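Below is one structure, written out as structure tokens; comments come after it.
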Amino acid sequence: MKKIAVPILAMAVLCWTGRGFAQDGIGKVGIINIQAAIAQSNDGQEAARQLQTRFASKRAELESQQKEIADLQTQLRNQERTLSEEARTRLLRSVDDKTKVFNRTNEDAQAEFQQAEQDAINEIGRKMIGVIDEYAKKNSLSLILDVSSPQTPVLYADPATDVTRAIIELYNQATAKPAATTAPAPAATPAPAAAPSARPATPPATPPPANPPASRP
């Protein structure tokens, strides 16, 4: 995700003296929670729905594997005193093998989900950067800081400088899909009148009635 890199000391100065800078005409500062802006945008919410749908079958598969392992573990506990040593060893091996398969499948699914999620975030983020840039220019902001990370060096920011909601609304407006419009059907061209015939028109043949389906004995 693209971020504006500013030294920690400079950020602290801007946080504490941002109003003084604005009064001197040097510029104004804004803050944004870019992660929240992406997640709460229309595209972000749609991407989340699509991801849930895309990985629903994989989640169901993992839940099925997990239940199978739990059932075997329950069987092992309930029959531990009555099972022969061979049967107990075979059951333990089955639990161990299925657990390994589950762990591998779960790790692969998590990695695939995280990659798909990151791709969606990056795609939305690239478009949102343009909206942020335009907003900053129109509102004479010299700097917009991303405060979404807990490790951000911003120690304090006036809530009035938070532009997150404004960016979400502008992004949704910029990326809104136009409503589909139904074009009016073209007026039908009247067919030319048929020339009179010397013979009377032959009535159309009446189709034979459909045979009823044969009843089965």
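Under our numbering, the first residue of the sequence shown is numbered -11, with each subsequent residue one higher. We treat Cβ as the ideally placed atom computed from N, Cα and C, and that holds for glycine. Model, not experiment: these values are computed from the prediction.
Per-residue burial, residue i [other beta carbons within 10 Å of its own, 16 or more giving buried]
i           : result
residue 159 : buried
residue 21  : buried
residue 89  : exposed
residue 182 : Bear in mind that a pLDDT of 43 at residue 182, under 50, signals an unreliable position, so the number given afterwards is only what the model happens to contain. Exposed, by the Cβ-count rule.
residue 51  : exposed
residue 29  : buried
residue 118 : exposed
residue 106 : exposed
Beta-carbon proximity of residue i to residue j, cut-off 9 Å
i           : j           : result
residue 150 : residue 18  : yes
residue 86  : residue 56  : yes
residue 25  : residue 108 : no
residue 97  : residue 43  : yes
residue 163 : residue 115 : yes
residue 101 : residue 39  : yes
residue 129 : residue 123 : yes
Delimiting residues of the alpha helix (DSSP H) encompassing residue i
i          : result
residue 15 : Neither: residue 15 is in no alpha helix (DSSP H) and is coded neither H nor E.
residue 62 : 44 to 66
Residues near residue i by beta carbon distance below 6 Å, same chain, minus five either side
i          : result
residue 79 : 64
Same chain, Cβ closer than 7 Å to residue i, five either side skipped, listed in chain order
i          : result
residue 82 : 60
Tell me the start and end of each unbroken alpha helix (DSSP H) in the region 95 to 180 that is at least 4 residues and wholly inside, in chain order. 152 to 163
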